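Before any comments, here is the structure.
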Amino acid sequence: MAPYVLKRLALAVPTLLAVSFVTFFLGYLAPGSPIDLLVGQHADPAIRRRLEHEYGLDRPAMVQYADFLWGAVRGDLGHSFANGGRSVTDLIAQQFPTTAFLALLAICTAALLGLPAGVLAALQHNRLPDRAVMTQVLVLVSLPPFVLAPILMLCFSLWLGWLPTSGWEGPAYWVLPTVVLAARPGALLARQMRSSMLEVLRQDYIRTASAKGLTGTQVIMRHALKNALLPVLTVLGNSFGYLLTGSFIVETLFSIPGIGYESVHSILARDYPVIQGVALLVASVFVAVNLLVDLLYVAVDPRVRHEAAR
Amino acid sequence: MSDIAARPMPGAGARLLRNPVAVAAITVLALLILAAAIGPAVSPFSYDTEDRAAILAPAGPHHALGTDNHGQDTLTRLLHGARVSLSVGLVVEAIEVLIGVALGLLAAWKGGRIDLLLMRVTDGMFAFPDLLFAILLVGIMRPTTAAGSFLTVFVALALVNWPGMARLVRGQALAVRSKEYVEAARSLGIPDRRIVMRHVLPNIVSPIVVAATVDIAQVILAEATLSFLGIGLQPPYPSWGRMISDGLPYLRSAPQLIIYPALALGTVVISLNFLGDALRDALDPRMRG
Numbered sequence: 001m002a003p004y005v006l007k008r009l010a011l012a013v014p015t016l017l018a019v020s021f022v023t024f025f026l027g028y029l030a031p032g033s034p035i036d037l038l039v040g041q042h043a044d045p046a047i048r049r050r051l052e053h054e055y056g057l058d059r060p061a062m063v064q065y066a067d068f069l070w071g072a073v074r075g076d077l078g079h080s081f082a083n084g085g086r087s088v089t090d091l092i093a094q095q096f097p098t099t100a101f102l103a104l105l106a107i108c109t110a111a112l113l114g115l116p117a118g119v120l121a122a123l124q125h126n127r128l129p130d131r132a133v134m135t136q137v138l139v140l141v142s143l144p145p146f147v148l149a150p151i152l153m154l155c156f157s158l159w160l161g162w163l164p165t166s167g168w169e170g171p172a173y174w175v176l177p178t179v180v181l182a183a184r185p186g187a188l189l190a191r192q193m194r195s196s197m198l199e200v201l202r203q204d205y206i207r208t209a210s211a212k213g214l215t216g217t218q219v220i221m222r223h224a225l226k227n228a229l230l231p232v233l234t235v236l237g238n239s240f241g242y243l244l245t246g247s248f249i250v251e252t253l254f255s256i257p258g259i260g261y262e263s264v265h266s267i268l269a270r271d272y273p274v275i276q277g278v279a280l281l282v283a284s285v286f287v288a289v290n291l292l293v294d295l296l297y298v299a300v301d302p303r304v305r306h307e308a309a310r
Numbered sequence: 311m312s313d314i315a316a317r318p319m320p321g322a323g324a325r326l327l328r329n330p331v332a333v334a335a336i337t338v339l340a341l342l343i344l345a346a347a348i349g350p351a352v353s354p355f356s357y358d359t360e361d362r363a364a365i366l367a368p369a370g371p372h373h374a375l376g377t378d379n380h381g382q383d384t385l386t387r388l389l390h391g392a393r394v395s396l397s398v399g400l401v402v403e404a405i406e407v408l409i410g411v412a413l414g415l416l417a418a419w420k421g422g423r424i425d426l427l428l429m430r431v432t433d434g435m436f437a438f439p440d441l442l443f444a445i446l447l448v449g450i451m452r453p454t455t456a457a458g459s460f461l462t463v464f465v466a467l468a469l470v471n472w473p474g475m476a477r478l479v480r481g482q483a484l485a486v487r488s489k490e491y492v493e494a495a496r497s498l499g500i501p502d503r504r505i506v507m508r509h510v511l512p513n514i515v516s517p518i519v520v521a522a523t524v525d526i527a528q529v530i531l532a533e534a535t536l537s538f539l540g541i542g543l544q545p546p547y548p549s550w551g552r553m554i555s556d557g558l559p560y561l562r563s564a565p566q567l568i569i570y571p572a573l574a575l576g577t578v579v580i581s582l583n584f585l586g587d588a589l590r591d592a593l594d595p596r597m598r599g
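Protein chains in written order, with our numbering: chain A, 1 to 310; chain B, 311 to 599.
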């Protein structure tokens with residue numbers, strides 16, 4: 001097990017290097033110089049040169065990249081061009097917890113609703129509950145947050161007046177963003193749960209379990225569910241990529257002071273250090289979550305453990 | 311013999327047309343394509359005609375679906391938005407299928423280093439959330455001209471979407487490669503190129519068609535997301551995503567500004583997803599889960 005973990009950890013390093021390389025050079029090659037943002041396009045060339053030197057922008061690209069990378073390793077992601085030149089690390093540290101909290105709420109909601117729905121659909125295969133769940137899945141997968149959110153805001157905030165439209169001041173403010181963000185992962189989890197449950201129910205050991213006289217509930221709880229949950233883990237891991245991207249849109253829609261809201265503003269303002277910092281953070285979280293899922297797989301499934309040990 | 315290879319799914323069309331959901335989806339999409347094609351030409355307004363006398367007007371005889379905060383006709387802008395969504399979806403998907411099929415077949419057939427390279431590159435791309443990559447790419451490269459923004463959106467979406475298709479084609483081609491009929495064709499001395507084009511490709515068309523249909527929906531959603539964030543197509547040209555974000559300040563006073571484009575986007579994507587599902591059932595009954 002230990003060599004496998006080490007191998008997987010080592011594989012994450014080139015991925016993160018590639019991400020840092022791409023994010024740095026996207027910013028480097030982008031049209032327009034950051035100096036334009038500071039002093040305007042028509043500033044005195046002497047002032048421009050002095051500023052470029054001050055910010056280290058007159059050095060060769062690879063030197064700047066190495067500097068960026070070394071900074072990132074030490075936890076220093078540079079300074080924002082806006083926000084009064086605040087440290088990007090500070091900015092992220094202040095806003096990431098909100099985003100992480102929202103993502104956590106969303107993934108729990110998605111799992112609590114999606115997994116039972118998927119099990120129900122599998123057990124009622126090709127009957128009404130199955131069709132209802134699968135139709136719901138297709139509809140939810142088709143509606144992006146910026147379609148779902150205004151509809152829910154209209155119904156629950158403006159017409160019924162039950163929930164606030166925007167802000168982040170307490171549990172009532174959490175409900176709509178959580179539901180909007182959870183819709184897609186919930187639907188995908190239900191779909192995966194259903195198909196892997198159907199797959200498991202066809203297996204010989206399920207027939208054996210029924211044949212030896214276990215009740216339907218016992219077969220499902222003790223044998224089917226445990227085995228069917230494994231492929232669901234992968235979907236769960238991949239959902240984090242969506243949750244992080246979705247937070248850009250959901251936080252903008254509901255004015256939630258998280259990393260997504262900040263990123264959209266930074267992109268529109270061409271605040272490259274913040275964009276690069278966020279990209280690096282998101283990639284790291286995504287890689288870490290997927291690594292965790294792979295390791296979890298090894299931990300819970302003896303068959304995978306056997307493969308990994310070889 | 312070659313006839314059989316070229317027609318891998320006899321009866322698929324008839325099976326598809328027996329499915330009421332598929333027929334409904336095809337009808338909706340056909341009507342929409344028709345509306346997008348001729349609608350803008352028939353409309354008395356241009357997408358940027360500003361009717362100062364009718365700002366935020368409700369639906370009425372003059373403006374069938376009302377106007378926005380600039381007095382621009384909502385129906386006309388919706389029809390132009392349909393052009394954007396459909397053309398982005400189709401063009402990006404076409405590029406994606408071309409790249410995906412070419413690279414996937416090449417990797418499956420040649421194996422070795424080429425295959426390894428493809429797997430490594432796609433692994434790398436899967437390690438980063440694809441929509442986020444598109445947002446960063448378009449956000450940083452954001453050109454200011456309309457043509458430039460069109461091009462950037464196309465390139466960015468094609469760039470982040472091809473790996474999935476390449477992996478699918480590779481997997482399917484590998485499975486077909488070891489089939490007896492391919493072996494038979496090889497032993498007859500038929501050149502590789504001909505085997506791939508006449509025996510392998512026709513037999514993997516079904517999963518490609520299904521994946522492409524569902525992918526078009528994803529591409530349309532991705533374009534709408536970019537435009538919603540304000541980094542996709544640049545105004546004044548309308549996009550459904552942009553129309554939704556422009557309508558947000560008027561959610562209370564003029565909710566129709568959001569409801570119409572949201573409805574349009576939802577209808578197209580839902581239709582494509584249902585069609586993809588029906589295609590899967592029709593093309594390969596065994597894949598029915």
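All residues carry an ideal CB built from backbone N, CA and C; glycine is no exception.
Every value quoted in this text rests on a predicted model; they were computed, and no experiment measured them.
Test: residue i CB closer than 8 Å to a CB of chain A
i, result
"residue 572 of chain B", "yes"
"residue 527 of chain B", "yes"
"residue 531 of chain B", "yes"
"residue 599 of chain B", "Below a pLDDT of 50, predicted positions are generally treated as unreliable, and residue 599 of chain B, at 42, falls in that range; the measurement from the model is reported next regardless. Chain A, which has a Cβ nearer than 8 Å to the Cβ of residue 599 of chain B, makes this yes."
"residue 329 of chain B", "no"
"residue 392 of chain B", "no"
"residue 337 of chain B", "no"
"residue 477 of chain B", "no"
"residue 535 of chain B", "yes"
"residue 460 of chain B", "no"
"residue 592 of chain B", "no"
"residue 340 of chain B", "no"
"residue 464 of chain B", "no"
Exposure label - residue i; buried when at least 16 CB within 10 Å
i, result
"residue 403 of chain B", "buried"
"residue 58 of chain A", "exposed"
"residue 262 of chain A", "buried"
"residue 316 of chain B", "Low confidence applies here, because residue 316 of chain B scores a pLDDT of 48, under 50, leaving its location unreliable and the question unanswered by this model."
"residue 488 of chain B", "exposed"
"residue 183 of chain A", "buried"
"residue 142 of chain A", "buried"
"residue 440 of chain B", "buried"
"residue 501 of chain B", "exposed"
"residue 313 of chain B", "Confidence at residue 313 of chain B is low in this model, with a pLDDT of 43, below 50, so the placement of that residue should be treated as unreliable; the coordinate-derived value is given next. The residue in question, residue 313 of chain B, is exposed, as its Cβ has fewer than 16 Cβ neighbours within 10 Å."
"residue 3 of chain A", "exposed"
Sequence-distant residues of its chain with Cβ nearer than 7 Å to residue i (five each side left out)
i, result
"residue 444 of chain B", "466, 467, 470, 532 and 536"
"residue 453 of chain B", "459 and 462"
"residue 583 of chain B", "524 and 527"
"residue 235 of chain A", "188, 189 and 192"
"residue 117 of chain A", "133 and 190"
"residue 175 of chain A", "163"
"residue 283 of chain A", "16 and 19"
"residue 76 of chain A", "89"
Closer than 8 Å to chain B by CB, residue i
i, result
"residue 19 of chain A", "yes"
"residue 242 of chain A", "yes"
"residue 180 of chain A", "no"
"residue 292 of chain A", "no"
"residue 15 of chain A", "yes"
"residue 27 of chain A", "yes"
"residue 100 of chain A", "no"
Cβ distance (whole Å) where residue i is taken to contact residue j below 8 Å
i, j, result
"residue 24 of chain A", "residue 68 of chain A", "5 Å"
"residue 514 of chain B", "residue 494 of chain B", "Actually they are not in contact, since the Cβ atoms of residue 514 of chain B and residue 494 of chain B sit about 18 Å apart, beyond 8 Å."
"residue 561 of chain B", "residue 568 of chain B", "6 Å"
"residue 349 of chain B", "residue 389 of chain B", "4 Å"
Residue(s) in a DSSP beta bridge with residue i
i, result
"residue 142 of chain A", "Answer is none; residue 142 of chain A lacks a bridge partner."
"residue 383 of chain B", "B:377"
"residue 79 of chain A", "A:87"
Residues of its chain near residue i, where Cβ-Cβ distance is below 6 Å and the 5 sequence neighbours each way are ignored
i, result
"residue 406 of chain B", "468, 471, 472 and 475"
"residue 435 of chain B", "473"
"residue 311 of chain B", "A caution first: residue 311 of chain B carries a pLDDT of 43, below 50, which makes its placement in the model too unreliable to give a value."
"residue 510 of chain B", "483 and 486"
"residue 127 of chain A", "none"
"residue 456 of chain B", "544 and 547"
Any chain D beta carbon closer than 8 Å to residue i
i, result
"residue 507 of chain B", "The displayed structure is made up of protein chains A and B, and chain D is not among them."
Residues near residue i in its chain [Cβ-Cβ closer than 8 Å; skip 5 each side]
i, result
"residue 172 of chain A", "163 and 164"
"residue 327 of chain B", "333"
"residue 398 of chain B", "463, 464, 467, 529, 530 and 533"
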